[in-house]
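Participant:
2 protein chains.
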Amino acid sequence: MTFALHPGLAADTAFIADWPLCRVLLMNDARYPWLILVPRRAGAVEIMDLAASDRSMLMEEITRASGVVRGLPDVIKLNIGALGNVVPQLHVHVLGRRIGDPAGPGPVWGHSPARPYEASARDGLIALVRSL
Amino acid sequence: MTFALHPGLAADTAFIADWPLCRVLLMNDARYPWLILVPRRAGAVEIMDLAASDRSMLMEEITRASGVVRGLPDVIKLNIGALGNVVPQLHVHVLGRRIGDPAGPGPVWGHSPARPYEASARDGLIALVRSL
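Chain order of the listed sequences is A and B.
Counting with this note's numbering, you get residues 2 to 133 for the letters of the first sequence.
Counting with this note's numbering, you get residues 2 to 133 for the letters of the second sequence.
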């Protein structure tokens with residue numbers, strides 16, 4: 002079985018890069034700087050499904066993504082989550098919260114409909130992540 | 002600066018154990034099997050604040066907690082999250098979702114008020130986690 006991105010993730014995101022373990026995606030919601038890391042391991046649903054070496058690599062890629070997002074303007078807090086209640090394919094959200102953002106102190110997942118990026122802003126952010 | 006559990010976490014949880022890195026807490030909400038891991042590192046807010054060796058240990062303790070929760074009756078999916086929108090002290094939620102649980106496909110955080118455990122159920126779960 003080879004890795005294939007779940008259509009539910011593909012529909013909501015843009016491709017940024019393949020890091021050693023994860024496909025890195027940009028969530029198409031301009032309200033939050035929001036990366037999604039998808040380990041390229043067919044059939045993985047939970048982090049505990051990964052081999053120990055992959056878990057270590059995932060942690061380092063979460064940290065790498067965190068550094069990107071945490072460095073963006075006005076980001077005051079990271080939210081990191083592996084939920085999978087809707088799309089079972091293992092994926093890890095790494096997103097930045099800002100004062101006054103729509104979800105307030107609550108989680109962003111399921112809060113309200115996304116506001117898609119304009120192409121120029123999306124492409125700029127993709128280029129930034131690729132450059133780091 | 003020495004580690005001290007944030008009062009906001011202490012208020013909502015019961016102590017289970019100290020693992021090599023994390024204080025392990027039981028969230029006092031009988032609707033979900035829900036552990037909270039708090040790295041005993043003073044001042045840590047984000048996972049990226051931890052040293053690489055601590056990040057590895059955190060990943061292994063997340064995996065250990067995951068194994069406990071995933072093995073409980075009727076748990077079909079894990080939700081793992083480090084949010085900190087309310088309590089800034091770094092803490093990682095490891096909780097199990099069941100079909101028909103109150104939050105449905107959405108996240109549990111901020112969904113609805115907790116339903117505290119009865120003492121016997123709470124103590125039984127604490128003893129189980131300690132035994133594993």
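Each residue gets a CB set at the ideal place from its N, CA and C atoms; glycine is no exception.
Predicted model only: the values in this text are computed from it and were never measured.
Spatial neighbours of L133 (chain A) within its chain, please: C-beta separation below 6 Å, excluding the five flanking residues on both sides.
Facilitator: Position 132 of the first sequence, counting from 1, holds the residue named residue 133 (chain A). Residues of the same chain with a CB within less than 6 Å of the CB of L133 (chain A), apart from the 5 flanking positions on each side, are V69 in chain order.
Participant: Would a C-beta distance cut-off of 7 Å place P40 (chain B) and L26 (chain B) closer than the cut-off?
Facilitator: What you label residue 40 (chain B) is simply residue 39 of the second sequence in a count that begins at 1. What you label residue 26 (chain B) is simply residue 25 of the second sequence in a count that begins at 1. Taking 7 Å as the Cβ cut-off, P40 (chain B) and L26 (chain B) do not qualify as a contacting pair.
Participant: Which of the three DSSP states, helix, strand or coil, is assigned to D124 (chain B)?
Facilitator: For the purposes of this step, residue 124 (chain B) is taken as the residue at position 123 of the second sequence. Helix, per DSSP.
Participant: According to DSSP, what are the bridge partners of P40 (chain B)?
Facilitator: Counted from its first residue, the second sequence places residue 40 (chain B) at position 39. Answer is B:C23, bridged to P40 (chain B).
Participant: Closer than 8 Å by C-beta to V76 (chain A): which residues in its own chain qualify, once you throw out the five before and the five after it? Chain order, please.
Facilitator: Taking the first residue of the first sequence as position 1, residue 76 (chain A) is located at position 75. The answer, listed in chain order, is P34, V70, G97, R98 and R99.
Participant: Name the chain B residues that come within less than 8 Å of G111 (chain A), Cβ to Cβ?
Facilitator: Taking the first residue of the first sequence as 1, we reach residue 111 (chain A) at position 110. Near G111 (chain A) (Cβ distances below 8 Å), the residues of chain B are P106, G107 and P108.
Participant: In angstroms, rounded to a whole number, what distance separates the CA positions of A122 (chain B) and N29 (chain B)?
Facilitator: Against the second sequence, residue 122 (chain B) aligns to sequence position 121. Against the second sequence, residue 29 (chain B) aligns to sequence position 28. Cα to Cα, the separation comes out at about 11 Å.
Participant: Any beta-carbon of chain B closer than 7 Å to the one on G101 (chain A)?
Facilitator: Translated into the one-based positions of the first sequence, residue 101 (chain A) becomes position 100. No, because no Cβ of chain B sits closer than 7 Å to the Cβ of G101 (chain A).
Participant: Under 8 Å by Cβ, that's how I've got P108 (chain A) and G9 (chain B) pegged, so tell me the actual separation to the nearest angstrom.
Facilitator: As a working note, residue 108 (chain A) is residue 107 in the first sequence. As a working note, residue 9 (chain B) is residue 8 in the second sequence. About 17 Å; that fails the 8 Å criterion.
Participant: For the alpha helix (DSSP H) that contains I81 (chain B), what are its first and last residues?
Facilitator: On the second sequence, residue 81 (chain B) is found 80 positions in, with the first residue counted as 1. Counting along the chain, I81 (chain B) falls outside any alpha helix (DSSP H), though it belongs to the beta strand (DSSP E) covering K78 to A83.
Participant: Take E119 (chain B) and list the residues in its own chain whose beta-carbon comes closer than 8 Å to its own, dropping the five residues that flank it on each side.
Facilitator: For this step, residue 119 (chain B) is matched to residue 118 along the second sequence. Take E119 (chain B), set aside five residues on each side of it, and the residues of its chain with a beta-carbon closer than 8 Å to its own are A31, in chain order.
Participant: Could you list which residues in chain A have their beta carbon closer than 7 Å to that of L79 (chain B), in chain order?
Facilitator: Residue mapping note: residue 79 (chain B) aligns to position 78 of the second sequence, counting from 1. The contacting residues are E47.
Participant: To the nearest angstrom, how far is it from the Cα of V88 (chain A) to the Cα of V46 (chain A)?
Facilitator: As a first step, residue 88 (chain A) is located in the first sequence; it is residue number 87 there, counting from the start. As a first step, residue 46 (chain A) is located in the first sequence; it is residue number 45 there, counting from the start. Roughly 9 Å separates the two Cα atoms.
Participant: Buried or exposed for L91 (chain B), going by 16 or more other Cβ atoms inside 10 Å?
Facilitator: Numbered from 1 along the second sequence, position 90 holds the residue referred to as residue 91 (chain B). Answer is buried; the Cβ neighbour count reaches 16.
Participant: Quick one: what does DSSP say R116 (chain A) is sitting in, helix, strand or coil?
Facilitator: The count along the first sequence starts at 1 and reaches residue 116 (chain A) at position 115. In the structure shown, R116 (chain A) sits in coil (DSSP, three-state: anything other than H, G, I, E or B).
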